[in-house]
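Everything on this sheet refers to the single structure shown next.
In the numbering used here, the protein residues as written are 3 to 167.
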């Protein structure tokens, strides 16, 4: 009987250690998620300064065979945005909702009127920019989100040659 009790004690201790390790690992994961969320909350409009390469629109990757790279360039000092939207150059104002540092609006971008082989992508990009309500920054990745938090555009910080001309 003593032997059975000892085996039970050892088994219970092993289960307890395993459970504790899982909790600790989960706790670390939770702390990492909280730190990432805190980083996203701390991002401000000024962090968007510069050029961002458009990678995805509504979850669809842009084709890699485009003659020019689609991008958005934010000038947070003048509260303007410009870029190349697959066929044409676009310009517009950016704004924020007072008291909401993660908010972002880009209403009514104005574009040149050239035809091009990727006009359908341009239309999707421009439609998405009109729906932007906020942003999330994760390192060199920028997500532009609608009012429900759905990702409309995914962009990558441009660290190469300047795209603006």
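Ideal Cβ positions, reconstructed from N, Cα and C, are used throughout, including at glycine.
Assuming the contact rule is C-beta atoms closer than 8 Å, residue i and residue j should be a hit. Round their C-beta distance to whole Å, please.
i, j, result
"residue 154", "residue 146", "5 Å"
"residue 113", "residue 88", "That belief does not hold up - the Cβ atoms of residue 113 and residue 88 are roughly 10 Å apart, past 8 Å."
"residue 55", "residue 157", "6 Å"
"residue 59", "residue 126", "5 Å"
Checking 7 Å against the spacing of the C-beta atoms, do residue i and residue j come in under that value?
i, j, result
"residue 94", "residue 111", "yes"
"residue 78", "residue 51", "yes"
Give the secondary structure of residue i by DSSP, where H, G and I count as helix, E and B as strand, and everything else as coil.
i, result
"residue 148", "coil"
"residue 168", "Since the first residue shown for the chain is 3 and the last is 167, residue 168 is missing from the structure and cannot be characterised."
"residue 62", "strand"
"residue 131", "helix"
Sorted by chain position, which residues of the same chain lie with C-beta nearer than 6 Å to residue i's C-beta, five sequence neighbours on each side aside?
i, result
"residue 85", "73, 74, 75, 92"
Report the partner residues of residue i according to the DSSP bridge assignment.
i, result
"residue 54", "74, 159"
"residue 113", "92"
"residue 107", "97"
"residue 143", "140, 158"
"residue 84", "75, 93"
"residue 153", "147"
Near residue i, which residues of its chain fall below 8 Å by C-beta distance, leaving aside the five closest residues on each side in sequence?
i, result
"residue 164", "53"
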